[in-house]
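With positions in the sequence shown counted from 1, the corresponding number in the numbering used here is that position plus 22. Backbone N, C-alpha and C fix where the C-beta goes; we use that ideal spot for every residue, glycine too. As the structure is a prediction and not an experimental result, all values here were calculated from the model. Right, one structure below, let's go through it.
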Amino acid sequence: WVEQSPEDWWTAVSTATRELMQKTAVDPHHIAAISFSGQMMGQVPVNREGNLLLERVPIWADGRATEQADRVLQTLGGYEPFYDITLQGNSPQLHSLFRVMWLREHMPEVFNKTYKFLHSKEFIAQRITGKFATDYTDQALGCTLDMNKRTWSDDIFNAAGLSPDVFPELRESIEVMGAVTKEAAAALHLVEGIPVVVGAGDAPCAAAGAGALLPGDAYFYMGSAAWGGTIEEKPVGDFKTKVVVHNHIVPGRYHSQYVMYTGAIAQQWAIEMLFNDVVQDVDVYKFASDLARAIPLAENTVLFLPYMRPGGAPHNNMNARGTFTGIGLNHRREHLFRAVLEGVAMNIKTLVDRLETFRGQTLPAFNVIGGGSRNPFWLSLLADITQRPFTTTNLKQEANCFAAAQCAGVGVGLYGGFDEIKQLFKVEEEYVPNTAVSDFYAQKYAAFLEAYQGMLKSYDMIAELELFGASLP
């Protein structure tokens with residue numbers, strides 16, 4: 023189980039907003055609109071007044087709803103019919119709809135009191151406006167929509183034994199849903215009446231924040247998790263590779279992606295485990311990267327399988343775990359650190375290959391956003407391992423917040439449309455592949471793929487061991 027407290031979200035939003043207003047000294051009367059981005063695939067049960075019915079709620083990484091997901095897929099005739107409707111290729115048990123089913127079966131007293139199930143951004147929006155609304159991006163990943171029809175799926179809801187009424191009204195990400203209430207204005211140090219725009223889930227917001235707004239645009243997000251995506255004019259799926267298709271924040275456009283659940287969090291873990299002795303006034307990420315950069319190729323033989331969070335593309339294997347192999351007595355902490363960066367990059371290569379196979383063309387470049395984009399050495403490894411160029415722009419930081427601002431700006435007419443916003447993005451850095459190391463990394467990538475296959479039985483045994491250990495007193 024993986025849970026968080028929605029009250030913590032509200033505390034964070036309200037505290038940060040008050041601090042922002044104080045530090046910037048912006049007149050709140052000059053704020054044109056407010057909108058949101060938030061983590062996806064969770065479900066927050068609230069009553070008619072918007073009051074929480076659970077202190078802690080499951081978030082996107084929570085895998086407890088396996089039985090419920092399996093039952094819906096069986097009713098529909100298997101994974102493929104389910105995919106044909108929803109175009110969702112993630113591990114099924116991670117989707118919002120199945121969390122609602124789990125709650126109905128395991129906490130009926132909470133389910134029966136629930137007026138609406140909200141995603142994270144919708145919980146905050148309700149606190150600010152007193153109104154309930156959801157959008158097409160979050161409901162796509164919730165597995166509630168027929169993506170080809172862009173509406174609620176009767177087949178999915180019938181198989182789940184639920185009604186769309188358990189969710190708020192579907193709205194576009196750029197629609198005004200309400201205004202700041204008097205109570206919220208006091209809590210946030212704002213003024214009553216500021217328009218509030220629905221907003222979107224974090225994955226489509228990452229795309230928009232990376233400048234991926236037009237059909238054919240491609241990007242990678244390297245946050246705690248990582249994913250790569252392209253923008254499409256139609257909702258085209260591919261069951262073989264399990265591409266995930268969202269509605270984009272741009273009405274009528276779609277966002278196709280492959281998601282891996284272990285991204286830059288692996289770098290953070292490696293820094294904390296391997297370099298916790300570095301003094302505080304040193305940039306530890308640069309220090310570790312400089313050591314790793316100096317490793318001769320002949321010593322660069324450690325492999326890392328980056329499945330520290332199970333599930334996710336390309337394998338969707340909930341039993342997979344993070345794995346080092348190839349360690350010798352000559353290897354030091356910088357070898358392990360470089361292996362972690364390369365392991366994430368090699369898994370990203372599988373996503374690049376799948377995106378290009380899915381689109382039937384080589385993609386010219388990928389713009390990168392997220393915390394991982396702050397490490398130039400990592401971006402150079404990405405370029406070398408994938409043999410594709412990667413770029414960063416003038417707007418690479420807080421991309422999701424910028425996308426929420428795009429929703430707000432378009433929603434209240436500050437921008438004429440997303441084509442106008444596209445002009446704000448300018449390339450700042452480009453990381454070009456070093457062809458001299460292409461053969462080396464081709465061999466190492468082949469070993470990476472083989473290592474995963476060789477670990478499959480061990481992964482299953484480790485998962486069984488975890489269950490056994492949890493059952494012990």
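Quick check: the Cα distance between residue i and residue j, rounded to an integer number of angstroms?
{"i": "K479", "j": "A342", "result": "10 Å"}
{"i": "L403", "j": "P411", "result": "11 Å"}
{"i": "H357", "j": "T323", "result": "8 Å"}
{"i": "K466", "j": "P28", "result": "43 Å"}
{"i": "S36", "j": "H51", "result": "18 Å"}
{"i": "L119", "j": "G100", "result": "17 Å"}
{"i": "K262", "j": "P336", "result": "11 Å"}
{"i": "R172", "j": "L95", "result": "20 Å"}
{"i": "P130", "j": "G245", "result": "36 Å"}
{"i": "L210", "j": "V220", "result": "18 Å"}
{"i": "T457", "j": "R376", "result": "21 Å"}
{"i": "F424", "j": "L489", "result": "42 Å"}
{"i": "T46", "j": "N397", "result": "29 Å"}
{"i": "L76", "j": "W174", "result": "26 Å"}
{"i": "D441", "j": "F447", "result": "11 Å"}
{"i": "K135", "j": "V68", "result": "8 Å"}
{"i": "G250", "j": "G223", "result": "15 Å"}
{"i": "N514", "j": "G164", "result": "No answer is possible for residue 514: it lies beyond the span of the chain, which begins at 23 and ends at 495."}
{"i": "N389", "j": "G433", "result": "26 Å"}
{"i": "T159", "j": "T88", "result": "23 Å"}
{"i": "Q302", "j": "R93", "result": "51 Å"}
Using alpha carbons as the reference points, say which of the options lies closest to residue i.
{"i": "A361", "options": "L163, G393, L319", "result": "L319"}
{"i": "P307", "options": "W291, E321, N322", "result": "The amino acid at residue 307 is misidentified as Pro; the sequence shows Tyr. The candidate whose alpha carbon is nearest that of Y307 is W291."}
{"i": "R149", "options": "P114, A208, E41", "result": "A208"}
{"i": "V449", "options": "A232, N397, L42, V272", "result": "A232"}
{"i": "G435", "options": "M123, Q279, P217", "result": "P217"}
{"i": "E452", "options": "A469, L494, I370, K418", "result": "K418"}
{"i": "N352", "options": "W124, E321, V374, Y243", "result": "E321"}
{"i": "A228", "options": "Y243, V219, G238, D239", "result": "Y243"}
{"i": "A83", "options": "L116, Q65, A54, N69", "result": "L116"}
{"i": "P103", "options": "I178, M123, I370, T159", "result": "I178"}
{"i": "E71", "options": "L140, A54, L98, I293", "result": "L140"}
{"i": "G382", "options": "D260, A430, V198, I271", "result": "D260"}
{"i": "R78", "options": "I484, G64, C165, S57", "result": "G64"}
{"i": "V374", "options": "G392, R355, Q409, L401", "result": "Q409"}
{"i": "V66", "options": "V122, A54, Y437", "result": "V122"}
Count the other CB atoms within 10 Å of the CB of residue i; is the residue buried (16 or more) or exposed (fewer)?
{"i": "V304", "result": "exposed"}
{"i": "H128", "result": "exposed"}
{"i": "G394", "result": "buried"}
{"i": "P190", "result": "buried"}
{"i": "Q500", "result": "Only positions 23 to 495 of the chain appear in this structure, which leaves residue 500 out of reach."}
{"i": "D49", "result": "exposed"}
{"i": "N422", "result": "buried"}
{"i": "D176", "result": "exposed"}
{"i": "R315", "result": "exposed"}
{"i": "H277", "result": "buried"}
{"i": "V366", "result": "buried"}
{"i": "G183", "result": "exposed"}
{"i": "G439", "result": "exposed"}
{"i": "W23", "result": "exposed"}
{"i": "D157", "result": "buried"}
{"i": "S16", "result": "Absent from the model: residue 16. The displayed extent of the chain is 23 to 495, so no value can be given."}
{"i": "N369", "result": "buried"}
{"i": "S195", "result": "buried"}
Return the bridge partner residues of residue i from the DSSP annotation.
{"i": "I391", "result": "Y243"}
{"i": "E451", "result": "T414"}
{"i": "M282", "result": "A248, G334"}
{"i": "W174", "result": "L167"}
{"i": "H268", "result": "H277"}
{"i": "L327", "result": "T345"}
{"i": "V66", "result": "L140"}
{"i": "E25", "result": "P80"}
{"i": "G200", "result": "V218"}
{"i": "T156", "result": "L192"}
{"i": "I56", "result": "V218"}
{"i": "E205", "result": "In the DSSP output, where bridge partners are listed per residue, E205 has none listed."}
{"i": "G223", "result": "G60"}
{"i": "E488", "result": "Answer by DSSP bridge pairing: none, since E488 is not bridged."}
{"i": "L74", "result": "V68"}
So, under 8 Å CB-CB, residue i and residue j are touching, yes? Tell me the CB distance rounded to an integer number of Å.
{"i": "T151", "j": "G111", "result": "Actually they do not touch by this definition, with Cβ atoms about 34 Å apart."}
{"i": "I443", "j": "L167", "result": "Actually they do not touch by this definition, with Cβ atoms about 25 Å apart."}
{"i": "M62", "j": "A225", "result": "6 Å"}
{"i": "A247", "j": "Y280", "result": "In fact, because the Cβ distance is near 11 Å, the residues do not count as touching under 8 Å."}
{"i": "K153", "j": "G60", "result": "That belief does not hold up - the Cβ atoms of K153 and G60 are roughly 16 Å apart, past 8 Å."}
{"i": "Q161", "j": "W124", "result": "Not quite, the Cβ-Cβ distance comes to about 18 Å (not below 8 Å), so this is no contact."}
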